[in-house]
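What follows is a set of notes on a single structure, which appears directly below.
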Amino acid sequence: MLAVRVIPCLDVKDGRVVKGTRFTAIKDVDDPATLGRFYSEEGADELVFYDITATSEARMASLGFVEAVAKEINIPFCVGGGVNEIGDFSLLLDQGADKVSVNSGAVKHPSLITEAARKFGSQCVVLSIDAKRNANDRWDVYVKGGRENTGIDAIWWAEEGVRLGAGEIVINSIDEDGMKTGYDIALIKAISNVVNVPVIASGGAGTIDHFVDAIKEGRSDGVLAASVFHYKTIRIKDLKKRLNEEGIRVRQI
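Note that the sequence shown ends on residue 255 in our numbering; no numbers are left out.
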């Protein structure tokens, strides 16, 4: 069994790390490079940065903060936001990112996943899925920062994304995002059951027990969170200590 990864998520808007609830009520947190360095020293296994307004503003993720982050940290990091063509992958990787996350761009042009996987390797291609439960007790894929429902079934899209070449899935529950009431275990487990690549749980962490549940019950390979780390409600060293006590293999700090 591979070690489970603990991954802080940093949403970036106008060059600053921000955090909201269910994609609204956005509040300022810190500078991306400063916070990235803190997490690198704190024991995070990797980081994920999302330029949350890139798609709605019809641009790719800001290269400025990516370059600044690369100079400050010594752990892998992934960047997403406004990635719509293969050239966007090249630019972000050239600036120091280790992986590139695709969401809206992949829904619009699924072949982008395959093209990127062939050119850079599947390990560099992360399919990020924003999902929301529907009236049929399934989950729809949302794009454009959670503002547009595509009507695409999230479980099918995860499976299709891996078939196309994605090397990792980040599954984010819009219903639970920022609520701190726990991950959507049913959603995570449903994704984990149909793909053979790492699945990262996102959206809803509020206590250490929530992380344990995502791993043990949801069978996630990594746990991603934002506000509980940003505001130091949960320290990474304490989380890893508890996971280790639960028999969950983690990378030691």
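We put the CB at the ideal spot given by N, CA and C, even for glycine.
- Query: Terminal residues of the continuous alpha helix (DSSP H) containing V71?
  - Reply: 65-74
- From K218 to W141, what distance separates their C-alpha atoms? 21 Å
- Item | Best match in T55, L65, K15, P78 for proximity to E48 [C-alpha to C-alpha] | P78
- Can you grab the Cα-Cα spacing for the pair L245 / R61, in whole Å? 39 Å
- With distances taken Cα to Cα, identify the nearest neighbour of I171 among T36, C80, K182. C80
- Message: Would the region 128-143 count as touching the region 89-100 if we require 3 or more Cβ pairs under 8 Å?
- Response: no
- Counting pairs of Cβ atoms below 8 Å between the region 180-188 and the region 103-110, do you hit three or more? no
- Across which residues does DSSP place D32 in a beta bridge pair? DSSP output for D32 lists V19 as bridge partner(s).
- Can you list, in chain order, the residues of its chain whose CB lies under 6 Å from that of Y52, leaving out five sequence neighbours each side? D13, G82, G83
- Message: My output table needs one value for G82: the three-state DSSP class, helix, strand or coil.
- Response: Three-state DSSP puts G82 in a strand.
- Task: Could you work out which residue in V199, N174, N198 is closest to L189 when comparing CA atoms only?
- Result: N174
- Query: Nearest-angstrom Cα distance between E44 and I9?
  - Reply: 11 Å
- Does the region 32-39 touch the region 117-134, meaning 3 or more C-beta pairs lie closer than 8 Å? No, the region 117-134 does not touch the region 32-39.
- Query: According to DSSP, what are the bridge partners of P200?
  - Reply: In the DSSP output, where bridge partners are listed per residue, P200 has none listed.
- When you compare only the Cα positions, how much space is there between V6 and V145? 27 Å
- Task: State the Cα-Cα distance for the pair G249 and S222, rounded to the nearest angstrom.
- Result: 15 Å
- Query: Among the residues of its own chain, which have a CB less than 6 Å from the CB of G169, if the five just before and after it don't count?
  - Reply: S124, Q125, V127, V199
- How should H256 be labelled, buried or exposed, when 16 other C-beta atoms within 10 angstroms of its C-beta is the threshold for buried? Because residue 256 is not part of the residues shown, which for the chain are 3 to 255, the question remains open.
- What is the DSSP secondary structure of T152, reduced to helix, strand or coil? strand
- Message: For R18, tell me which candidate among E59, S42, F67 has the shortest Cα-Cα distance.
- Response: F67
- Counting only the same chain and skipping the five closest in sequence on each side, list residues whose C-beta sits under 8 Å from that of K21. D13, I28, K29, V31, G180, A228, S229, H232
- Measure the C-alpha to C-alpha separation of R253 and K234 and round it to an integer number of angstroms. 20 Å
- Query: When the Cα atoms are used, what is the spatial distance from D186 to A72?
  - Reply: 32 Å
- Bridge partner(s) assigned by DSSP for C11: V50
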